[in-house]
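A.B. asks: Okay, handing you the structure first.
2 protein chains.
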Amino acid sequence: MTDNSIVLLSGGLDSATCLLIARAEGLDVFALSFDYGQRHAVELDRARALAGRYGAREHRIAKLDLPVPAASALTDASRRVPKDSLGAEAIPVTYVPARNTLFLSHALAWAEAIDARQIFIGANALDYSGYPDCRPEFLAAFETMANLGTRAGTTGGGFRIRAPLLAMTKREIVTRGADLGLDFSLTSSCYDPDPAGRPCGGCDSCLLREKGFREAGLTDPNRPP
Amino acid sequence: MTDNSIVLLSGGLDSATCLLIARAEGLDVFALSFDYGQRHAVELDRARALAGRYGAREHRIAKLDLPVPAASALTDASRRVPKDSLGAEAIPVTYVPARNTLFLSHALAWAEAIDARQIFIGANALDYSGYPDCRPEFLAAFETMANLGTRAGTTGGGFRIRAPLLAMTKREIVTRGADLGLDFSLTSSCYDPDPAGRPCGGCDSCLLREKGFREAGLTDPNRPP
Chain A
3 MTDNSIVLLS
13 GGLDSATCLL
23 IARAEGLDVF
33 ALSFDYGQRH
43 AVELDRARAL
53 AGRYGAREHR
63 IAKLDLPVPA
73 ASALTDASRR
83 VPKDSLGAEA
93 IPVTYVPARN
103 TLFLSHALAW
113 AEAIDARQIF
123 IGANALDYSG
133 YPDCRPEFLA
143 AFETMANLGT
153 RAGTTGGGFR
163 IRAPLLAMTK
173 REIVTRGADL
183 GLDFSLTSSC
193 YDPDPAGRPC
203 GGCDSCLLRE
213 KGFREAGLTD
223 PNRPP
Chain B
3 MTDNSIVLLS
13 GGLDSATCLL
23 IARAEGLDVF
33 ALSFDYGQRH
43 AVELDRARAL
53 AGRYGAREHR
63 IAKLDLPVPA
73 ASALTDASRR
83 VPKDSLGAEA
93 IPVTYVPARN
103 TLFLSHALAW
113 AEAIDARQIF
123 IGANALDYSG
133 YPDCRPEFLA
143 AFETMANLGT
153 RAGTTGGGFR
163 IRAPLLAMTK
173 REIVTRGADL
183 GLDFSLTSSC
193 YDPDPAGRPC
203 GGCDSCLLRE
213 KGFREAGLTD
223 PNRPP
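Chains A and B are the protein sequences, given in the same order.
Each residue of the first sequence is one higher than the last, beginning at 3 in the working numbering.
Each residue of the second sequence is one higher than the last, beginning at 3 in the working numbering.
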């Protein structure tokens with residue numbers, strides 16, 4: 003058994019807070035990001051900066067060969083990211099088919115290879131966009147599956163999918179990040195940033211972030227211009 | 003709802019039989035193979051030939067960026083693939099961490115994007131190498147997870163993971179393939195073929211294949227030289 007852990011690091015507020023939580027627990031962090039053709043590729047630069055600043059042992063950006071980029075507005079630049087429509091649809095067009103399943107599966111493969119037993123994901127089921135793969139029942143089912151489908155899960159201590167932000171509001175996440183000393187200027191949450199990486203201010207993710215900072219009584223250093 | 007289905011197609015005997023089973027059920031087949039740095043890359047040529055011969059609507063070879071190739075003898079050319087050791091170890095060194103989890107996750111993402119509801123995998127839990135991700139309890143857990151973590155699983159008819167060979171012996175698989183008209187010369191099973199693609203005759207997969215043909219009373223057109 004090691005103190006190795008995997009942290010899924012998108013470069014956003016939530017995954018950055020997860021990284022600091024894992025570090026605060028004394029874990030060695032192997033940070034995993036994905037280049038999946040997302041229109042908000044600026045987040046990969048932020049992930050690099052966060053991994054460096056907060057002492058990840060290794061940062062891996064895996065190239066993810068998505069079958070049908072046009073299946074989501076997040077990966078098809080010709081589609082419009084909805085603005086000011088938080089909660090308007092049950093599951094919005096920014097949903098990427100099976101994204102967290104893919105992310106967690108790649109994390110699991112890496113975890114098994116480096117003898118890590120904990121995988122952190124910044125999923126949140128309160129102030130979120132309504133994606134099915136952010137819900138607690140999905141994460142529990144993934145953990146069960148992971149422990150049945152791997153050597154480490156069946157012969158040695160099992161894997162744990164850690165989602166410490168799952169039941170937090172955005173206000174609580176911002177507060178927790180601030181308590182842990184997170185430099186928010188390094189994080190990027192927007193689904194549709196401009197070419198310079200500045201947030202749009204209108205997508206679901208920007209609206210949730212703004213709400214979190216406002217309710218926490220803090221100023222977002224990366225607020226939209 | 004469509005008649006679309008995904009078939010995980012490695013180019014081996016089992017997945018080729020799955021492809022023919024799906025076609026015999028009248029399904030439109032979208033075949034999915036992976037380039038994950040396997041030393042037996044000849045199987046991708048076989049997968050292409052099989053997809054073409056048996057009328058797959060589309061054949062996709064996804065590049066899979068494995069985190070630690072050295073974690074398996076199948077992806078590290080400097081490690082030796084064990085010979086004549088079938089059953090000697092609970093889980094052999096040819097095990098690739100979370101491989102079927104990764105394969106099925108990519109299949110799931112494609113399935114959701116093209117409105118397919120059935121995913122075929124040639125997993126077999128009788129005459130097999132002892133990999134944990136070939137067991138029925140793993141496949142059932144994956145299906146449960148898939149239906150919790152996707153839009154299609156939560157809002158429309160769910161996904162089914164089909165493993166029609168799961169409870170078959172190799173003899174039964176060979177017989178079923180023959181009944182469906184499978185041209186066995188197009189299939190490759192060896193973990194460690196020579197540069198010309200000829201099977202080694204000694205790895206677990208070659209031994210299982212040989213046993214299947216012998217017990218079925220058939221001659222393997224691709225038997226080792």
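Here a beta-carbon is modelled for each residue, glycine too, at the ideal position from N, C-alpha and C.
Would you be able to state if there are at least three C-beta pairs under 8 Å between the stretch 141-155 of chain B and the stretch 49-68 of chain B?
C.D. replies: no
A.B. asks: Using a 10 Å radius around the Cβ and a threshold of 16 neighbouring Cβ atoms, would you call A/P134 buried or exposed?
C.D. replies: buried
A.B. asks: Measure the C-alpha to C-alpha separation of B/C192 and B/T77 and round it to an integer number of angstroms.
C.D. replies: 14 Å
A.B. asks: From what residue to what residue does the beta strand (DSSP E) around A/F122 run?
C.D. replies: Q120 to F122
A.B. asks: Identify the contact partners of A/N102 in chain B, using a Cβ-Cβ distance below 7 Å as the criterion.
C.D. replies: What A/N102 touches in chain B, judged by beta-carbon distance under 7 Å, is G151, going in chain order.
A.B. asks: By the 10 Å Cβ neighbour count, where 16 or more other Cβ atoms means buried, how is B/P197 classified, buried or exposed?
C.D. replies: B/P197 should be labelled exposed.
A.B. asks: Mark A/A118 as exposed unless 16 or more other C-beta atoms lie within 10 angstroms of its C-beta, in which case mark it buried.
C.D. replies: buried
A.B. asks: Among the candidates A/C136, A/L34 and A/R216, whose CA atom is the shortest distance from the CA of A/W112?
C.D. replies: Its Cα nearest to that of A/W112, the residue A/L34 stands out among A/C136, A/L34 and A/R216.
A.B. asks: So, does the CB of A/I116 fall closer than 8 Å to a CB anywhere in chain B?
C.D. replies: Closer than 8 Å to some Cβ of chain B, the Cβ of A/I116 qualifies, so yes.
A.B. asks: The beta strand (DSSP E) spanning A/L34 covers which residue range?
C.D. replies: D30 to D37
A.B. asks: Run down chain B in chain order and give the residues with a C-beta less than 7 Å from the C-beta of A/P227.
C.D. replies: What A/P227 touches in chain B: nothing, since even the nearest Cβ is about 33 Å away.
A.B. asks: Tell whether a beta-carbon distance below 8 Å holds between A/S190 and A/G14.
C.D. replies: yes
A.B. asks: Considering only the alpha carbon of each residue, which of A/G159, A/D194 and A/I121 lies closest to A/L21?
C.D. replies: A/I121
A.B. asks: On a Cα-Cα basis, can you pick out the residue from B/D16, B/N6, B/I8 and B/T4 that is closest to B/G124?
C.D. replies: Shortest Cα-Cα distance from B/G124 to any of B/D16, B/N6, B/I8 and B/T4 involves B/D16.
A.B. asks: By Cβ distance, which residues of its chain are closer than 6 Å to B/L141, with the 5 residues on each side in sequence left out?
C.D. replies: I163 and A165
A.B. asks: How many whole angstroms separate the CB atoms of B/A109 and A/L110, which I take to be in contact at a CB cut-off of 8 Å?
C.D. replies: 16 Å between Cβ atoms; not a contact.
A.B. asks: At the level of alpha carbons, what is the spacing between A/D222 and B/G28?
C.D. replies: Taking the straight line from one Cα to the other gives about 56 Å.
A.B. asks: What residue from B/V9, B/G203, B/E60 and B/A169 has the CA that sits closest to B/L128's CA?
C.D. replies: B/A169
A.B. asks: Given that B/H42 touches chain A, what residues does it touch there, using C-beta distances under 9 Å?
C.D. replies: Going along chain A, no residue has its Cβ under 9 Å from B/H42, so there is no contact; the nearest lies around 19 Å.
A.B. asks: Beta-carbon of B/H108 versus every beta-carbon of chain A: anything under 8 Å?
C.D. replies: Chain A contact via Cβ: present.
A.B. asks: Using only the alpha-carbon positions, how far apart do B/G214 and B/S12 sit?
C.D. replies: 18 Å
A.B. asks: In the DSSP assignment, the alpha helix (DSSP H) including A/R233 goes from what residue to what residue?
C.D. replies: Residue 233 of chain A lies beyond the range of chain A shown here (3 to 227); nothing can be said about it.
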